[in-house]
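Enquirer: Numbering (my numbering), first residue to last: 147 to 546.
Next up is a structure, given as structure tokens.
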Ligand SMILES: [Zn+2]
């Protein structure tokens, strides 16, 4: 057994306190760099100091809590910003669980543990902005030019924290690895009555924008056989990918056409143009490639059969991230000790800061159940006993 004992009441009390910054009913509205986000970060920095760690805001508002001395240590944490309509645990759980384990480790006489609350994971200025900059994937000068939907630049946003922030980034070389605890944000653990997920990979995400062009025309006078209806092209494309992906995918593979713009979008006009974005996610690079090829083939054949043009643009790819085997083993052993037979390996279908941090050091993640699988919604919740169990698993695996 580990000698690191967390205090469940202190963990829950801090989670409830963090929830109060930007609280809306059961949920939270605390976007990156909003007044309540900055207030929450200041409060967190006080809690970090009280835990015997040194709080440091880096130039983009990522908040680190560093143990005394310059010895190497493990880093725990997640993010403390939320979606514009967010749940109270997404990100917050990993930050507070990390803080609880770090201060329990101080009380136990070691090992030294550092914590982090990344900034703008939820993408006000783009996906996972804070960890992307820290990991070197996004140069600060480029990040400064990013804007939110209101036109505010990242440079302006971070200047609102200028008085708090250091000029230098924290040296990633001082950390031996990163473990991010997080709510699952999906239904797998809850629907199987399991309590811990040991993440084996974070899925890769591909997306592609298509524009289908046909012939806009009169919806009363144009015979069906002569139409070049862009919307019907999209319907055929969507049906065909559903059919043909069945031979390629696993139950964890997902694909979505979530954004569609139809032109001119009028009742009595045969649509001449439709733009849409298709996104697909899987943990295996090779499967993502096969899906890409199948989709492009279907696009070409649909175009030919319906006299349409399919134009592709804005392909984007985020590679899948494999979790570190050594850190995973530590989480598995701790999960088996505290939740025997009641945990599973699983991929993360959502992107997390750990994916960026994996550029710098070994990373791993553990999940606790989301009730009903609901997240990015005010209703997001997790049973208190599962919040406590997740922190115990974290404490056990760092003590191992
Ligand atoms: Zn999150």
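The beta carbon of each residue, even a glycine, is placed where N, CA and C say it ideally should be.
Kindly indicate if chain D contains any beta-carbon less than 7 Å away from that of residue 162.
Expert: Among the chains of the structure shown, chain D does not appear; only one protein chain is present.
Enquirer: For residue 147, does the count of other Cβ atoms within 10 angstroms reach 16, so buried, or fall short, so exposed?
Expert: Position 1 of the chain shown holds residue 147. With a pLDDT of only 44 at residue 147, under 50, the local geometry of the prediction cannot be trusted, and the value read off the model is given with reservation. Its Cβ having fewer than 16 others within 10 Å, residue 147 is exposed.
Enquirer: Strictly by DSSP, which residues pair up with residue 167?
Expert: Numbered from 1 along the chain shown, position 21 holds the residue referred to as residue 167. None; residue 167 has no bridge partner.
Enquirer: When the Cβ atoms of the stretch 361–369 are set against those of the stretch 435–446, are three or more pairs found closer than 8 Å?
Expert: Not touching, per the Cβ criterion.
Enquirer: If I measure Cβ to Cβ from residue 272 and keep anything under 7 Å in the same chain, skipping five residues before and after, which residues do I get?
Expert: In the chain shown, residue 272 corresponds to position 126, counting from 1. 292.
Enquirer: Under 5 Å, CB to any heavy atom of ligand 1. Which residues pass, going along the chain?
Expert: The filter returns 236 and 237, in chain order.
Enquirer: Measure the C-alpha to C-alpha separation of residue 465 and residue 240 and round it to an integer number of angstroms.
Expert: Here residue 465 refers to the residue found at position 319 when the chain shown is read from its first residue. Here residue 240 refers to the residue found at position 94 when the chain shown is read from its first residue. Each residue's alpha carbon lies about 23 Å from the other.
Enquirer: Contact defined as beta carbons within less than 8 Å: I believe residue 349 pairs with residue 237. What is the distance between those atoms, to the nearest angstrom?
Expert: Position 203 of the chain shown, counting from 1, holds the residue named residue 349. Position 91 of the chain shown, counting from 1, holds the residue named residue 237. So it is not a contact: roughly 18 Å between Cβ atoms.
Enquirer: Given that a residue counts as buried once 16 or more other Cβ atoms are within 10 Å of its Cβ, and exposed if not, what is residue 372?
Expert: Along the chain shown, read from residue 1 onward, the residue named residue 372 stands at position 226. By the neighbour-count rule (16 or more Cβ atoms within 10 Å), residue 372 is not buried but exposed.
Enquirer: How is residue 457 classed by DSSP in three states: helix, strand or coil?
Expert: Residue mapping note: residue 457 aligns to position 311 of the chain shown, counting from 1. Here residue 457 sits in strand by DSSP.
Enquirer: Straight-line CA distance for residue 540 to residue 374?
Expert: Within the chain shown, residue 540 is the residue found at index 394, counting from 1. Within the chain shown, residue 374 is the residue found at index 228, counting from 1. Residue 540 and residue 374: Cα-Cα distance of roughly 58 Å.
Enquirer: Using 10 angstroms around the beta-carbon of residue 417, count the other beta-carbons present and answer buried if the total reaches 16, otherwise exposed.
Expert: Within the chain shown, the letter at position 271 stands for residue 417. Under this definition residue 417 is a buried residue.
Enquirer: Are residue 359 and residue 419 close, meaning C-beta to C-beta below 7 Å?
Expert: The count along the chain shown starts at 1 and reaches residue 359 at position 213. The count along the chain shown starts at 1 and reaches residue 419 at position 273. Their beta carbons are under 7 Å apart, which means residue 359 touches residue 419 by this criterion.
Enquirer: Would you check if the distance between the CB atom of residue 212 and the CB atom of residue 220 is smaller than 7 Å?
Expert: Residue numbering aside, residue 212 sits at position 66 when the chain shown is read from its first letter. Residue numbering aside, residue 220 sits at position 74 when the chain shown is read from its first letter. Not in contact: residue 212 and residue 220 (Cβ atoms no closer than 7 Å).
Enquirer: Does the structure place the stretch 406–414 close enough to the stretch 325–340 that three or more beta carbon pairs sit under 8 Å?
Expert: No: fewer than three Cβ pairs fall under 8 Å.
Enquirer: Give me the residue from 454, 166, 210 and 171 with the minimum Cα distance to residue 315.
Expert: Residue 315 sits at position 169 when you count from the first residue of the chain shown. When each option's Cα is compared against that of residue 315, the closest is 210.
Enquirer: Just list the residues that DSSP pairs residue 425 with in beta bridges.
Expert: Counting from one through the chain shown, the residue named residue 425 turns up at place 279. For residue 425, which the question treats as bridged, DSSP gives the partners 353 and 402.
Enquirer: Please specify which runs of the alpha helix (DSSP H), each continuous and at least 4 residues long, are wholly inside the stretch 447–500, giving them in chain order.
Expert: You should have 471–484.
Enquirer: For the stretch 484–491 against the stretch 252–266, are there 3 or more C-beta pairs whose distance is under 8 Å?
Expert: They do not touch, by the three-pair rule.
Enquirer: Leaving out the 5 sequence neighbours to the left and right, which residues in its chain are closer than 6 Å to residue 400 when beta-carbon positions are compared?
Expert: On the chain shown, residue 400 is found 254 positions in, with the first residue counted as 1. Closer than 6 Å at Cβ, skipping near neighbours: 427.
Enquirer: Count the C-beta pairs between the stretch 447–464 and the stretch 343–357 that are closer than 8 Å, then say yes if the count reaches three, no if not.
Expert: Result yes; three or more Cβ-Cβ pairs closer than 8 Å.
Enquirer: What residue range does the beta strand (DSSP E) around residue 261 cover?
Expert: On the chain shown, position 115 is the one that residue 261 refers to. Taken as a continuous stretch (DSSP letters only), the beta strand (DSSP E) holding residue 261 covers 259–264.
Enquirer: Quick check on DSSP: helix, strand or coil for residue 148?
Expert: Against the chain shown, residue 148 aligns to sequence position 2. Note that residue 148 scores a pLDDT of 47, beneath 50, so its modelled location is shaky; the value from the coordinates is reported in the next line. Here residue 148 sits in coil by DSSP.
Enquirer: With DSSP as the reference, label residue 326 as helix, strand or coil.
Expert: Within the chain shown, residue 326 is the residue found at index 180, counting from 1. Of the three classes helix, strand and coil, the one that applies to residue 326 here is strand, per DSSP.
Enquirer: Starting from residue 244, follow the alpha helix (DSSP H) in both directions and report where the run begins and ends.
Expert: Along the chain shown, one-based indexing puts residue 244 at 98. Residue 244 -> alpha helix (DSSP H) spans 238–253.
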